[in-house]
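S.K.: Structure incoming, see below.
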Amino acid sequence: MPLSYTIAVIAIPLLMFLFLGLVGVKMNKKVTGVLGVCGMLITTILAYGVALTYFFGTGEGQMVDGVRKAVTVFNPDWLSFSDQLVVRMGIMLDPIAAMMLVVICTVSLMVHLYSLGYMCDHHGNAEKGFQRYYAFLALFTFSMLGLVVATNLFQIFIFFEMVGVSSYLLIGFYYTSPAAIHASKKAFIVTRLADLFFLVGILILSFYTQTFDFFGNDVNGIMGMLDDPQASLAQAGTTTFMGCSAMAWALTFIFIGGAGKSAMYPLHIWLPDAMEGPTPVSALIHAATMVVAGVYLVARLFPLYVLVQGAMDIICVVGAFTAFYAAAIACVQSDIKRALAFSTISQIAFMMTSLAVSSANGQLIEIHGGYGLGYMASMFHLFTHAMFKALLFLCAGAIIHAVHSNENDKMHGLHKYMPITSIAFLIGCLAIAGIPPFAGFWSKDEILVAAYEKGLGWGLWMSMVAGMTAFYMFRIYFLIFHWKKHEIHTEHAPADQPWTMTLPLIILATISIVAGFVPAANLVTWDGAPLHTQLNWTVACSSVLIACVGIGLAFKMYYKENALPERMANSCRGLWTAAYKRFYMDELYQFITHKVIFQGICKPIAKFDRAIIDGFFNMLAQVTNQTSFGIRKLQSGSIQSYVYFYLIGALLLAGITMACVLL
Amino acid sequence: MESLGNIIMYFVIALAIIVFSVLTVTSRKILRSATYLLFVLFATAALYFQLDYAFLGAVQIAVYAGGIVVLFVFSILLTQKPGEDAKPLDSHHRWLGLLAAVAGIAVCAVALFSYTQFCGQQLPDMADPDIAQIGHFLLSTDKFGYLLPFEAVSVLLLACIIGGVVIARRR
Amino acid sequence: MNLTLLMYLIPSLIMFGCGVYGFLTRKNMIAIMISLELMLNSIDINFVVFNRYLFHGQMEGMFFTLFAIAIAAAETALALAIIINVFRIAKDVDINKINKLKF
Amino acid sequence: MEIFNNILIYFVIVPLLTLLGLALCSNKGIGAIRAVAVAGATVLVALAGYLVYLFLQARGAGDTSEMILRSEVMWYAPLNVKLALGVDGVSVVMILLSAFIVFAGVFASWKMNPLPKQFFLWFYLLSTGVFGFFISIDLFTMFMFYEVALIPMYLLIGVWGSGNKNYSAMKLTLMLMGGSAFLMLGIIGIYFHSSADGNWTMNILEIAQNDAIPHQWQMWLFPLTFIGFGVLGAMFPFHTWSPDGHASAPTAVSMLHAGVLMKLGGYGCFRIAIYLMPFAAQQLGWIFLTLTGISIVYGAFSACVQTDLKYINAYSSVSHCGMVLFAILMFNTTAMTGAVLQMLSHGLMTALFFALIGMIYGRTHTRDIRDMGGMMQIMPYLGVGYVIAGLASLGLPGLSGFVAEMTIFVGSYMHSDVFHRVLTIAATCSIVITAVYILRVVGKLLFGEVQNEHHRELTDASWEERLSTATLILAVAIIGCFPNFFVNIISDSFLPIVGALENAARAAGMM
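Protein chains in written order, with the working numbering: chain A, -11 to 651; chain B, 6 to 176; chain C, 3 to 105; chain D, 3 to 513.
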């Protein structure tokens, strides 16, 4: 299959969006849903074809001397800023782009299919806004695909905004619910704030590079400048501002942009709230695809980041801290989707850390004669995580659909009622906990190896977080499916959902089992050359052991109803409450945005405008008016006063004349 | 040297003018004001007679004293309730008015007294202009003819009549 | 003793002063008109006197007075018509209370 | 006459003919009035489209002259005042924009009541002024058309407005008139220094060619003209007419005013103030740059706390128009191109906003967002339109706001000194604040539960309202999706101006 088919991969969702958005609203709901699924199915088939061609074909210049090169399929000008600075809208395929195509299309297809069942009530009637929902899904898929195949930094920025808006629209899908509106607004504004940094980063970087392209077709792209010491990029490395090079500033700002989308601390606050959206949306956007855009962005600029160790260190620290922080919060959440959301944050932080631990002192760390193991591991984990996290979310969706609640205490003991869902969820948990041979084990293991290689401290820290992951995932699992007998709250007993919802679960579960055997090391590496890896038995065994300890602990505490969790919570009540309240980050933001910015800046400015600026002009008018009124008194209309004035004038004139004549 | 009768006549007229003028503007009963005005006008007419302008004096009596004052009296009777006096003036108004009047008089007086070359002029002899002559002048277009103003005044009077009718007409 | 020009001007001047005083102080519109007549009259006297003393061969002053009398008559008639009309509407002839047409 | 062979003059003649046609309509015949108004607007759109075609053809044929379609008629020989016509890329797109807004405005005021005939009469008089301003290159003629565009505003707001309309109309007119007083002083000053040899001229191109205005005079005349136009461009601190004026104006007038009239300010700033006085522009630019930088952030912050829909948009306009002047003062082709894109974008988007607000207001009779909610359920078409306008305003790629803002930011960042960069970064912050106030109002107005049960009975947009908004949405999307088409038309027009600025800088030894 020619690589130029990628255009169709991008175009079909766009056309679906336009069609469903403009025409679909007048059509039958089910028909639009089926149309959406069909469109997505075609997209997915094409995407698989393109990805397979890219990875295993040789025809279109993707393999040169055993190294996979980026292939620019098409790259027309979109907006010319100046002769050199041109924003292009193109399609570029390289290992990570091809991999992302597969991930996005797979998850998106699953979600499309799943939503056919999920977005209906128990009688099979589609919800209000069903067409809109599918239109937005198509829009999101289009934006995300456009993002990953971007040929230049600015295109990534453009699609960053687009996915942000799609996410906004989908989180706020239930637009009558205040919580959903609030969450969607928060998500948009926080990511927008991050995008501001991204934009500034782009501005700084492009000022030196004079191009946005990664690999230029006619001009040299950013990556092409890396080897050339005369290139303007080198200048960016030496120009300093406040002690750091322009390059470091630019890359740090760009990372902040990515951190906003990828929910890194302290910009993570929007993600848990984003769970107000429909659950399939959470699975697609807020677990599998959009939230890894930040990771993707850093990976995309990986060769640049390697040059600037400062930026890498920031990523490393932020990533490692976020991984722990989110895992800690996930351990105590009672809302299933929120717990999964924090788990997502933690896992994405894993990927970020993994990227950052690939280098030290401005050089890639050598492992087994290969470089950039962390990069490979990160991308691999991105892939596997997308699959099993989507699975977990879709399972959660099925449960929520069955019991009509997000809270753990409304669930309990569902294993008996929903066996398929239960098994799928278990597979997902095993995968994320890192139990071989499930997918998560392989990718997480590589990450840990890379972390240990960077330093023992990093490795231990990440291992600890991996253990916590196993614990909180199984805590959720046991609380939902076991703990105690289910109390039936509604007239329907919870049961496995229709095939449209279970089929995606089965497919994703299968992928979660086998995805670990994808030869990622040969396919996605930072320079395109295959990376030789081998299982590090020490790390592998220890991580499995840690995971098992976590699972065991969770089993002990949550398999059967008992008082142990309560006792433990009581033993350190303060810490528990803080974690449950997510360490008060939301309250902090609330304070900053409402008290400081809204009350402290906006209101005084608006008052200043009305009172001082407008007041000044009104005062001008008032003064004129008052003066006029003052003068008007002279024009009183009273003849007698006129006569007085007349007399005064006449007498004065006469007096003056006489004085002149007589004296 | 004037005849004594003339001089006495003059003083009587001058005194009448001064006294009745002051009374006209100070009386609080408006009807009395009008009456005093009538006396002033008569005195003026007398002055004209003394100055040998008999026709003018006649006109003064006929038009002014006979016409205008009657108009005043009628309008006073139409607008004034019997026994209603003007309110006494507050003092600052009176003093202000007095000051203005006195200042005006003073300035004029200073001017008059400083131009002594004609102020001391004797009364020259003059024949009383006869009516025929006046009529001739009024209707002639010669150098001293007043036909144009005469016609203008007639138009004015016409306009005035119409205006008076239109304004005073009860709607 | 001679009757000089000045002697005739002095009563006229005082009459004018009274007219001014009356015009400035009276509230009744008719009284104001009366004061106005006083002033007009004093001017008439001046015309006549100047004509008589300084240009006794001619009659401009006299004619001027003649016309002035005519116009004064017209003016008074009109003014009184207006005053009466105003009185009908406003039930008052106080000059300070007639202010309905003012902005 | 020869001038009638020039297509440009028809941009003035067509509105005038429409005026005539409207004058002939009877007061009662609403159908005839609408027909005439629509016909006029349609002809204008067609003419504008044809003008773009002519322009592209001329440029394609290698015509690189600064202005095309030149023609001149002497008006008043003693002062050398001419009716001089000519357009470059910027004027062409501005004319296109104006034609679109007039078209949409006519449909937005479809049910204008009372006195529809008189409303359209003034409306078309205003349009005449706007088009006349964009086609002329003679200072006197420009100023005349400028005034023609301003005066009808007073009546349009004073008679057909809402709320505190007398105050607003008076304030708007007085402040803009104050601005034009400055402007007239400036123009007179320019005229008397327009040439070194005493052959004074009003023609902009000739004045720029002569480059004879002494530097010490430029230092006086530049602020005069810049403030004169800046008042219209809502530059801080001369922006306060904008919130009150827009809040009281009827829908179509708000559209035309924010959409086109405010653009006259930006257009005049670079066409007259900067082009003719590049030296002073270089010397004094930083003052105005600071003011416009303040405008951007200040307007955005002020918009965050407003509760009246129109006030929100008016402050947002202050912010966006500040961006226009900000970019113009950056003195490079990229930023200035961005400024024109922003004018286009803001013109269409704000017109769309005001149209939608007018339609919502016409139904609910309130503009206070606290009294409304859940409009999306009641009037989905208007709701979706509002969301699209909002997204355009906060700079969603694919809609016009994004390309304009990005061009401005990239162009502004091309300056390598700290002053310009700090201002640029401050200006970029506005994209976040914009998102805040747009999402706030969208959340409160459209989403959530219906606040007022009476609102449930309201209807969605009628066909003419749909047409009006769809035209604008389409235009916004076209600019957003195919920006290069416009950039190519616009960017060459700035070469003479940037060239003049560089010469001035070189002469002053700044470069």
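All residues carry an ideal CB built from backbone N, CA and C; glycine is no exception.
#1: For chain A, find out if any of its Cβ atoms is closer than 9 angstroms to the Cβ of Val50 of chain C; answer yes or no.
#2: Can you tell me whether Met513 of chain D is buried or exposed, with buried defined as 16 or more other CB within 10 angstroms of its CB?
#3: Using a beta-carbon distance cut-off of less than 7 angstroms, what residues from the region 152 to 183 of chain A approach chain D?
#4: For Ser342 of chain A and Pro518 of chain A, what's the separation of their Cα atoms in angstroms?
#5: Report the rounded CA-to-CA distance for Ser67 of chain D versus Phe136 of chain D, giving the unit in angstroms.
#6: Using beta-carbon positions only, say whether Ser559 of chain A and Gly422 of chain A come within less than 9 angstroms of one another.
#7: According to DSSP, is Leu255 of chain A helix, strand or coil?
#8: Let me see if you follow: with CB-CB separation under 9 angstroms, is Leu117 of chain D close to chain A or not?
#9: Can you list the alpha helix (DSSP H) stretches of 4 or more residues lying completely in the region 48 to 91 of chain B, in chain order?
#10: Using 8 angstroms as the Cβ pair cut-off and three pairs as the minimum, do the region 118 to 127 of chain D and the region 83 to 98 of chain D touch?
#11: Using beta carbons (cut-off 9 angstroms, strictly below), is Ala114 of chain B in contact with chain A?
#12: Thr310 of chain A: which of A:Ser431, A:Thr31, A:Ala(-1) and A:Arg570 sits nearest, CA to CA?
#13: Identify whether Glu407 of chain D lies in helix, strand or coil by the three-state DSSP scheme.
#14: Could you tell me the alpha carbon to alpha carbon distance between Gly45 of chain A and Gly450 of chain D, rounded to whole angstroms?
#15: In this structure, does DSSP put Met416 of chain D in helix, strand or coil?
#16: Please state the DSSP three-state secondary structure of Ala262 of chain A.
#17: My understanding is that Leu127 of chain A touches Val25 of chain A, with C-beta atoms under 8 angstroms, so please give their C-beta distance in whole angstroms.
#18: What is the DSSP secondary structure of Leu87 of chain D, counted as helix, strand or coil?
#19: Along the chain, where does the alpha helix (DSSP H) that runs through Ser68 of chain A open and close?
#20: Could you check the C-alpha separation between Leu563 of chain A and Ile464 of chain A for me, to the nearest Å?
#21: Can you pull the chain C residues whose beta carbon is under 9 angstroms from the beta carbon of Ile627 of chain A, in chain order?
#22: Return the CA-CA distance between Ala251 of chain D and Thr175 of chain D, expressed in angstroms with no decimal places.
#23: Specify the secondary structure class of Ile70 of chain D as computed by DSSP and reduced to three states.
#24: When you compare the CB positions of Ala75 of chain C and Val68 of chain B, do they come within less than 9 angstroms of one another, or not?
#25: Counting only beta-carbon separations shorter than 9 angstroms, does Tyr632 of chain A have a partner in chain B?
#26: Indicate whether at least one CB of chain C lies closer than 9 angstroms to the CB of Val17 of chain B.
#27: Tell me whether the region 543 to 561 of chain A and the region 405 to 421 of chain D touch, counting them as touching only if at least three CB pairs, one residue from each stretch, are closer than 8 angstroms.
#28: Between the Cα of Phe121 of chain D and the Cα atoms of D:Trp162, D:Ile190 and D:Gly107, which residue gives the shortest distance?
#29: Could you list which residues in chain A have their beta carbon closer than 7 angstroms to that of Glu451 of chain D, in chain order?
#30: Kindly list the residues whose CB is nearer than 8 angstroms to the CB of Lys325 of chain A, restricted to its own chain and excluding five residues on each side of it in sequence; keep chain order.
#31: Between the C-alpha atoms of Ala283 of chain D and Gln59 of chain D, what's the straight-line distance to the nearest angstrom?
#32: Suppose contacts are defined by Cβ-Cβ distances below 9 angstroms. Is Val514 of chain D in contact with Ala391 of chain D by that definition?
#33: Tell me the residue span of the beta strand (DSSP E) that contains Ile79 of chain A.
#34: Between the region 271 to 282 of chain D and the region 494 to 513 of chain D, are three or more C-beta pairs nearer than 8 angstroms?
#35: Taking 9 angstroms as the CB-CB cut-off, is Met513 of chain D touching chain A?
M.R.: With the given structure in hand:
#1: Walking along the third sequence from the start, residue 50 of chain C turns up at place 48. Chain A, which has no Cβ nearer than 9 angstroms to the Cβ of Val50 of chain C, makes this no.
#2: In the fourth sequence, counting from the first residue as 1, residue 513 of chain D sits at position 511. Caution applies to Met513 of chain D, whose pLDDT of 49 falls short of 50 and renders its modelled position unreliable; the value that the coordinates give is listed next. Met513 of chain D comes out exposed.
#3: Val153, Gly160, Tyr163, Thr164, Pro166, Ile169, Lys173, Phe176, Ile177, Arg180 and Leu181
#4: Start at 1 with the first residue of the first sequence, and residue 342 of chain A comes out as number 354. Start at 1 with the first residue of the first sequence, and residue 518 of chain A comes out as number 530. Distance between the alpha carbons of Ser342 of chain A and Pro518 of chain A: 18 angstroms.
#5: Position 65 of the fourth sequence holds residue 67 of chain D. Position 134 of the fourth sequence holds residue 136 of chain D. So the two alpha carbons sit approximately 18 angstroms from each other.
#6: For the purposes of this step, residue 559 of chain A is identified with residue 571 of the first sequence, where counting begins at 1. For the purposes of this step, residue 422 of chain A is identified with residue 434 of the first sequence, where counting begins at 1. Contact flag unset, no.
#7: Along the first sequence, read from residue 1 onward, the residue named residue 255 of chain A stands at position 267. Reduced to three states, the DSSP call for Leu255 of chain A is coil.
#8: As a position in the fourth sequence, residue 117 of chain D is number 115, starting the count at 1. No, Leu117 of chain D does not count as interfacial toward chain A.
#9: Entirely contained in the region 48 to 91 of chain B, the alpha helix (DSSP H) runs reaching 4 residues are, in chain order, 59 to 64 and 74 to 84.
#10: no
#11: Within the second sequence, residue 114 of chain B is the residue found at index 109, counting from 1. So, not an interface residue.
#12: One-based indexing of the first sequence puts residue 310 of chain A at position 322. Closest by alpha carbon: A:Arg570.
#13: Residue 407 of chain D sits at position 405 when you count from the first residue of the fourth sequence. Residue state, collapsed to three classes: helix.
#14: Residue mapping note: residue 45 of chain A aligns to position 57 of the first sequence, counting from 1. Residue mapping note: residue 450 of chain D aligns to position 448 of the fourth sequence, counting from 1. Their Cα atoms are separated by approximately 52 angstroms.
#15: On the fourth sequence, residue 416 of chain D is found 414 positions in, with the first residue counted as 1. Three-state DSSP puts Met416 of chain D in coil, outside helix and strand.
#16: Taking the first residue of the first sequence as 1, we reach residue 262 of chain A at position 274. Reduced to three states, the DSSP call for Ala262 of chain A is helix.
#17: Your numbering for residue 127 of chain A matches position 139 in the first sequence. Your numbering for residue 25 of chain A matches position 37 in the first sequence. Actually they do not touch by this definition, with Cβ atoms about 16 angstroms apart.
#18: Your numbering for residue 87 of chain D matches position 85 in the fourth sequence. It is a strand residue.
#19: Counting from one through the first sequence, the residue named residue 68 of chain A turns up at place 80. Taken as a continuous stretch (DSSP letters only), Ser68 of chain A belongs to no alpha helix (DSSP H), being part of the beta strand (DSSP E) at Asp65 to Ser68.
#20: Sequence index remark: in the first sequence, residue 563 of chain A carries index 575 (1-based). Sequence index remark: in the first sequence, residue 464 of chain A carries index 476 (1-based). Going from the Cα of Leu563 of chain A to the Cα of Ile464 of chain A covers about 20 angstroms.
#21: Working through the first sequence from its first residue, we reach residue 627 of chain A at position 639. The contacting residues are Phe25, Ile34 and Ile97.
#22: Taking the first residue of the fourth sequence as 1, we reach residue 251 of chain D at position 249. Taking the first residue of the fourth sequence as 1, we reach residue 175 of chain D at position 173. Distance between the alpha carbons of Ala251 of chain D and Thr175 of chain D: 12 angstroms.
#23: Working through the fourth sequence from its first residue, we reach residue 70 of chain D at position 68. Three-state result, Ile70 of chain D: strand.
#24: Residue numbering aside, residue 75 of chain C sits at position 73 when the third sequence is read from its first letter. Residue numbering aside, residue 68 of chain B sits at position 63 when the second sequence is read from its first letter. A contact, by the Cβ cut-off of 9 angstroms.
#25: Here residue 632 of chain A refers to the residue found at position 644 when the first sequence is read from its first residue. Closer than 9 angstroms: yes.
#26: Taking the second sequence and counting its residues from 1, the one referred to as residue 17 of chain B is at position 12. By this cut-off, Val17 of chain B is not an interface position.
#27: no
#28: The residue you call residue 121 of chain D lines up with position 119 of the fourth sequence. Of the candidates D:Trp162, D:Ile190 and D:Gly107, the one whose C-alpha sits nearest the C-alpha of Phe121 of chain D is D:Trp162.
#29: Walking along the fourth sequence from the start, residue 451 of chain D turns up at place 449. Thr164, listed in chain order.
#30: What you label residue 325 of chain A is simply residue 337 of the first sequence in a count that begins at 1. For Lys325 of chain A, where only same-chain residues beyond five positions count, the Cβ hits under 8 angstroms are Met263, Thr267, Ser270, Phe381, Ala384, Ile388 and Asn394.
#31: For the purposes of this step, residue 283 of chain D is taken as the residue at position 281 of the fourth sequence. For the purposes of this step, residue 59 of chain D is taken as the residue at position 57 of the fourth sequence. Cα to Cα, Ala283 of chain D sits roughly 33 angstroms from Gln59 of chain D.
#32: Because chain D here runs from 3 to 513, residue 514 of chain D falls outside it and cannot be looked at.
#33: Indexing the first sequence from 1 puts residue 79 of chain A at position 91. That run of the beta strand (DSSP E) goes Ile79 to Leu81.
#34: yes
#35: The sequence position of residue 513 of chain D within the fourth sequence is 511, counting from 1. In this prediction, Met513 of chain D has a pLDDT of 49, which is less than 50 and means its spatial position is unreliable; what the coordinates show is noted afterwards. Not an interface residue.
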